[in-house]
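Right, one structure below, let's go through it.
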Amino acid sequence: MNGEGLLFLFGVVASAVLLFAMVFFIIMFSDLECDYINPIDLCNKLNQFVFPEMAGHAFLTLLLLLNGSWWAFLLNAPLLAYHIQKVAKQRHMYDATEIFRTAPENKRECFMKLAFYLLSFFYYLYRMIVALLADD
Amino acid sequence: MPQLTQQFSQTSLAGSPAGAGSYYGSQGSLAAPQSLHQHVNLLSGPQTIDFEASTSVIEKTLPSSRSASQSPTSNCAPVWKRSTINSVPTTQQVLNKSRIPFGLLVKPYRQLLPGEEEVPVINAPQVVRCRRCRTYINPWVTFIEQGHRWKCNLCFLTNDVPSFFDWNPDTRQNVDRMQRPELTHAVVEFVAPQEYMVRPPQPVVMLFLIDVSFNAIQSGMVAAASKAILSSLQSIPNTEDRTKIAIITFDSNLQFYNLSSVLNEPQMLVMSDHADPFLPQPYDLLVSLTESMSQVQSLLGKLPEMFKHNTDPGHCLGTGLTAARKLISPIGGKIIVLSNSLPNTGEGSLKMREDVSLLGTNKETTLLHPQTAFYKNLAVTCSPSQVSVDMFLFSNDYADIATLNGCAKFTAGATYYYKAFNAKRPEDSVKFTTELSHFLGRALGLEAVLRIRASRGVKMTAFHGNFFLRSTDLLSLPNVSTDNAYAVECQLTETIVSPLVCFQTAVLHTSSNGERRIRVLTLALNVTTSIADVFTSADQVAIASLLAKKGVDRTLTSKIEDARDAIQHKLIDILGAYKQSMTSSGQAGQLLTPANLRLLPLLCLGLLKMNAFRDTATIPSDLRSYWMALLYVFPADMIAMAIHPQFYALHTVLDADAQPPMAKDALGRLPMPKQLNLSSERLDRQGVFLLDNGVELFLWVGSAVPPATVHALFDRPSVDQVQVGKASLSPTSAQTPPLGRVVRDLIAQIRADRMRQMTLWPHLYIVREDGDPSLKTWFLSHLVEDRYEKMPSYPQFLNQIREGLAKYSSG
Ligand SMILES: [Zn+2]
Chain Y
1 MNGEGLLFLF GVVASAVLLF AMVFFIIMFS DLECDYINPI DLCNKLNQFV
51 FPEMAGHAFL TLLLLLNGSW WAFLLNAPLL AYHIQKVAKQ RHMYDATEIF
101 RTAPENKREC FMKLAFYLLS FFYYLYRMIV ALLADD
Chain A
1 MPQLTQQFSQ TSLAGSPAGA GSYYGSQGSL AAPQSLHQHV NLLSGPQTID
51 FEASTSVIEK TLPSSRSASQ SPTSNCAPVW KRSTINSVPT TQQVLNKSRI
101 PFGLLVKPYR QLLPGEEEVP VINAPQVVRC RRCRTYINPW VTFIEQGHRW
151 KCNLCFLTND VPSFFDWNPD TRQNVDRMQR PELTHAVVEF VAPQEYMVRP
201 PQPVVMLFLI DVSFNAIQSG MVAAASKAIL SSLQSIPNTE DRTKIAIITF
251 DSNLQFYNLS SVLNEPQMLV MSDHADPFLP QPYDLLVSLT ESMSQVQSLL
301 GKLPEMFKHN TDPGHCLGTG LTAARKLISP IGGKIIVLSN SLPNTGEGSL
351 KMREDVSLLG TNKETTLLHP QTAFYKNLAV TCSPSQVSVD MFLFSNDYAD
401 IATLNGCAKF TAGATYYYKA FNAKRPEDSV KFTTELSHFL GRALGLEAVL
451 RIRASRGVKM TAFHGNFFLR STDLLSLPNV STDNAYAVEC QLTETIVSPL
501 VCFQTAVLHT SSNGERRIRV LTLALNVTTS IADVFTSADQ VAIASLLAKK
551 GVDRTLTSKI EDARDAIQHK LIDILGAYKQ SMTSSGQAGQ LLTPANLRLL
601 PLLCLGLLKM NAFRDTATIP SDLRSYWMAL LYVFPADMIA MAIHPQFYAL
651 HTVLDADAQP PMAKDALGRL PMPKQLNLSS ERLDRQGVFL LDNGVELFLW
701 VGSAVPPATV HALFDRPSVD QVQVGKASLS PTSAQTPPLG RVVRDLIAQI
751 RADRMRQMTL WPHLYIVRED GDPSLKTWFL SHLVEDRYEK MPSYPQFLNQ
801 IREGLAKYSS G
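These protein sequence lines are chains Y and A, in that order. Count the first sequence with full-length UniProt numbering and you get residues 1 to 136, in order. Count the second sequence with full-length UniProt numbering and you get residues 1 to 811, in order.
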């Protein structure tokens, strides 16, 4: 297997993990709306995944850049920029005192990221197959 | 002139050759609504200041005789709970059309007024509640099937009436259920049975976290606080000797005190590890107030002396709070912080970030937002362990109320602010001592949750006040004070088919005598299909209060400019909606409101001009944050006073033709003089005036006041010898002339009344017409109807509003 194939294999795995993370986030927000979880526990749970999610995505984007996969990099750049500005504005963590006000917005964001990771998943899968075929 | 064009187009549409006919036609339709609803044209002149009128609206729109028991106390009085509209439309469309924000202001716990009936306490075999929505039985349920079943007034499920409603098993006699307090009173308190307890009721726990750093010693705060706490120990609620107390002091280190009753003298334990504050001997730090009374007294007596020569400028409030929380979190309770400077050591250190060049600019809001999330996060960890934090802040310069209030805000506490406190000044020490003693002695509820239920079709969308929102509609209040009020915003999600809309607030709490109780407040509102009823039943004070709270919220989540714009736009929207649906085009040149909303524009102008929201570079950010914190917890009547101060002429109160005549009533109370419009035109060089903004009192003295008046009030021969600024009047003596006596009594009465509403003892400032200009400017900033800085006068403001209304056409 060549380098590109390995890279996109990693991309497939990473986007699958991120995808599941988003599903988990959405389930947690729904639980909050139904009172199955209180806002403090929710924020404690979700906040520990915020940085791993961002770091995972940033690492993948960096690899794509280093590999010179321009299209894949451009696809990911906006989300990376969005994450960076969130951290810069200190708005990346979920706040238990604001969570009921921001939950619908957060949930929408998670759905959009979910769609994005799903799309990425299939794109990387396609690129991986193309790379493997080229390898043969 | 859109009105004019519309009139023309109407004429041409009608195709009538006689234009005059349609003109008269519109005249006719003009007369009709006027007779029905009494429009008030605001441009016709100043309005009489009378906020009380609106409070009787509820009885008019929904007579209490419509309740099950027909008792006059069936509906919530506005002091407990008031709605912005007293007639609820059947659909959200009508509500949207009226533009009036729909919301409630609730003060579930308050100190009763002299002569007011006690809240009935119900200790029944069973707390009767709806099976489905858990509503408590109340005066607005309906009995059906010969009274065997009751229909819930919130979800309309039918429930069984328990037999003890009609039969007393002890006396073996029939009883009249319509005499039961839960059916005759809108505000009742149930004694909660065992199943309402997750653990044994919490005792009262008070932990004092006292700053003993250099500034605190120098200002005399430590000595004043120790003395006040010492003298209030006996009045702290201490039923069955269950109350526990702890004292922690801090400078750059924490000092704990072993108050164990087996010791002769309290022992000090110093802790200097900020990273991991561990707790030495927790059982001896938090002790029974009764058992360790002598140790506590001895410590408080010695505290000022112990730190008298402390020169440590360090201030580790963050570490102190963390340790305090750890110490009391197994039980829950109150942390009372007394702090004289900005935290500068360990976690939660704060920067001195006040920058006057930012004031009045679009960067100002950054100073109103917290600079660190530490205090808010700390509050979030306090809430589940039922710990509440109250902040007494005494800074010389910058206290960063915006950041530190976070502790109080999310734990149902409050922030008390003593700017430039100096215990040597008698007024300062009296204010602080009075407030702290009142704070310690007042009734309190512990480990509480507050839930508001509403009739089907009504949804609560936002809550305002000091609490932590634990689920979509459950407010967690580690303690309920008699001060704090809460506001709720509502929406209609479906068409209302019932004749009433009811709101039931239930506060499950532990009373300070260790009993688990549920305070229930039920408010019933009339339902209407007509938008006219929505307008004429609207409560201007409640609307202004809700706008104030939303404004604070807007400032904290967005920007202060947005908050100001939102207030002004809302006012224009409401008046525009009224113009559109209720007036005819012939009235285009006027600015009309229903009589009950005629002071709303003035209240909104007051809101835009007050310290919290005024667009100016002259208000320090601490003062703004303090006023915002106050507005966020104030009940409606206090908000009305803060945004539209009460203004009285004092020199005429003893005149023969004075209205009302100054004579004490049966309860020994003086009537308040007639309120004046807040305009400098009312000032008189020969007069003395009192202005009360809820937090401060101002005594304005004209430059030509007759010597007799000066003597009566100030004990001085002439005006120029009257001392200006923060002051107190000399105590009444046998020689005090009647006018001096009445004025002193009035001020004392205002202060006593205020302490009943809030833990707030207003300072008195004497302002002389020919005295200190900055003091005068400060006083004049309260005269809402005048021009002030770049803010318009009331007539100018009304003109702005009228221009803003041009886009709305009359119906
Ligand atoms: Zn029900």
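By construction, the Cβ of each residue, glycine as well, lies at the ideal position given by its N, Cα and C atoms.
With DSSP collapsed to three states, give me the class of residue i.
| i | result |
| --- | --- |
| W80(A) | coil |
| P737(A) | coil |
| M112(Y) | helix |
| residue 839(A) | The requested residue 839(A) is not part of the displayed model; chain A covers only 1 to 811. |
| E681(A) | helix |
| residue 139(Y) | The question about residue 139(Y) has no answer here: the residues shown for chain Y are numbered 1 through 136. |
| D400(A) | coil |
| S54(A) | Here S54(A) scores only 49 on pLDDT, less than 50, and its place in the model should not be relied on; the value that follows carries that caveat. Residue state, collapsed to three classes: helix. |
| L699(A) | strand |
| R127(Y) | helix |
| D753(A) | helix |
| V296(A) | helix |
| V745(A) | According to the sequence provided, residue 745(A) is Asp. The question's Val does not apply to it. It is helical. |
| A31(A) | Confidence at A31(A) is low in this model, with a pLDDT of 31, below 50, so the placement of that residue should be treated as unreliable; the coordinate-derived value is given next. DSSP places A31(A) in helix when its eight states are reduced to three. |
| E515(A) | coil |
| V13(Y) | helix |
| F29(Y) | helix |
| L80(Y) | helix |
| T135(A) | coil |
| P478(A) | strand |
| W150(A) | strand |
Taking DSSP's pairing of strands, which residues face residue i in a bridge?
| i | result |
| --- | --- |
| H309(A) | The partner list for H309(A) (beta bridge, DSSP) is empty, contrary to what the question assumes. |
| I452(A) | T505(A) |
| T365(A) | Answer by DSSP bridge pairing: none, since T365(A) is not bridged. |
| A538(A) | I85(A) |
| A462(A) | E489(A) |
| Q255(A) | T249(A), V270(A) |
| P594(A) | H39(A) |
| I335(A) | L207(A), V389(A) |
| E302(A) | Residue identity differs from the one stated: residue 302(A) is Lys in this sequence, not Glu. Paired residue(s): none; K302(A) is not in a bridge. |
| M791(A) | Y788(A) |
| Y417(A) | L393(A) |
| P244(A) | The displayed chain sequence assigns Lys, not Pro, to residue 244(A). Looking at the DSSP assignment, K244(A) forms a beta bridge with V205(A), S288(A). |
| C520(A) | Here the sequence assigns Val to residue 520(A), which means Cys is not the residue at that position. Answer is V188(A), A506(A). |
| D573(A) | In the DSSP output, where bridge partners are listed per residue, D573(A) has none listed. |
Run through chain C and tell me which residues come within less than 7 Å of residue i, C-beta to C-beta.
| i | result |
| --- | --- |
| N38(Y) | Among the protein chains in the structure shown, which are Y and A, there is no chain C. |
Do three or more CB pairs link the stretch 232 to 241 of chain A to the stretch 433 to 451 of chain A at distances below 8 Å?
Two segments are said to touch when three or more pairs of C-beta atoms, one from each, lie closer than 8 Å; by this definition the stretch 232 to 241 of chain A touches the stretch 433 to 451 of chain A.
Between the stretch 488 to 506 of chain A and the stretch 519 to 526 of chain A, do three or more beta carbon pairs fall short of 8 Å?
yes
Given a limit of 7 Å on CB to CB distance, which residues of the stretch 460 to 486 of chain A reach chain Y?
F468, L469, R470, S471, T472
Just to be sure I understand the criterion: a residue counts if its Cβ is closer than 6 Å to at least one heavy atom of ligand 3. Which residues meet that?
Among the ligands present in this structure, namely ligand 1, ligand 3 is not found.
Contact the stretch 700 to 713 of chain A vs the stretch 674 to 689 of chain A: 3+ CB pairs below 8 Å:
Yes, the stretch 700 to 713 of chain A touches the stretch 674 to 689 of chain A.
At least 3 beta-carbon pairs within less than 8 Å: the stretch 41 to 50 of chain A vs the stretch 592 to 602 of chain A
Output reads yes: the stretch 592 to 602 of chain A touches the stretch 41 to 50 of chain A.
Positions along the stretch 370 to 400 of chain A whose CB lies within less than 7 Å of some CB in chain Y:
K376, V380, P384
Looking at C-beta atoms only, is the number of pairs between the stretch 386 to 395 of chain A and the stretch 568 to 578 of chain A that lie closer than 8 Å three or more?
no
How about the stretch 42 to 60 of chain Y and the stretch 90 to 100 of chain Y: do they share at least three Cβ pairs that are nearer than 8 Å?
yes
Using 8 Å as the Cβ pair cut-off and three pairs as the minimum, do the stretch 537 to 555 of chain A and the stretch 603 to 619 of chain A touch?
yes
Are at least three pairs of beta-carbons, each pair with one atom in the stretch 130 to 137 of chain A and one in the stretch 462 to 482 of chain A, less than 8 Å apart?
The stretch 130 to 137 of chain A, when compared against the stretch 462 to 482 of chain A, does not touch it at the 8 Å Cβ threshold.
Could you say if the stretch 254 to 268 of chain A and the stretch 218 to 226 of chain A meet the contact criterion of at least three C-beta pairs nearer than 8 Å?
no
Would you call the stretch 80 to 89 of chain A in contact with the stretch 459 to 470 of chain A, where contact means no fewer than 3 C-beta pairs closer than 8 Å?
No, the stretch 80 to 89 of chain A is not in contact with the stretch 459 to 470 of chain A.
Inter-stretch contact (C-beta, 8 Å, three-pair minimum) for the stretch 150 to 158 of chain A and the stretch 101 to 108 of chain A
no
Pull out every residue of the stretch 405 to 427 of chain A whose Cβ sits closer than 9 Å to any Cβ of chain Y, in chain order.
G406, K409, F410
Closer than 7 Å, Cβ to any Cβ of chain A: which residues of the stretch 80 to 113 of chain Y, in chain order?
A96, T97, F100
Contact between the stretch 212 to 222 of chain A and the stretch 309 to 321 of chain A: three or more CB pairs below 8 Å?
yes
For the stretch 578 to 591 of chain A against the stretch 630 to 647 of chain A, are there 3 or more C-beta pairs whose distance is under 8 Å?
no
Indicate whether the contact test is met: 3 or more Cβ pairs, each with one atom in the stretch 162 to 169 of chain A and one in the stretch 114 to 130 of chain A, closer than 8 Å.
yes
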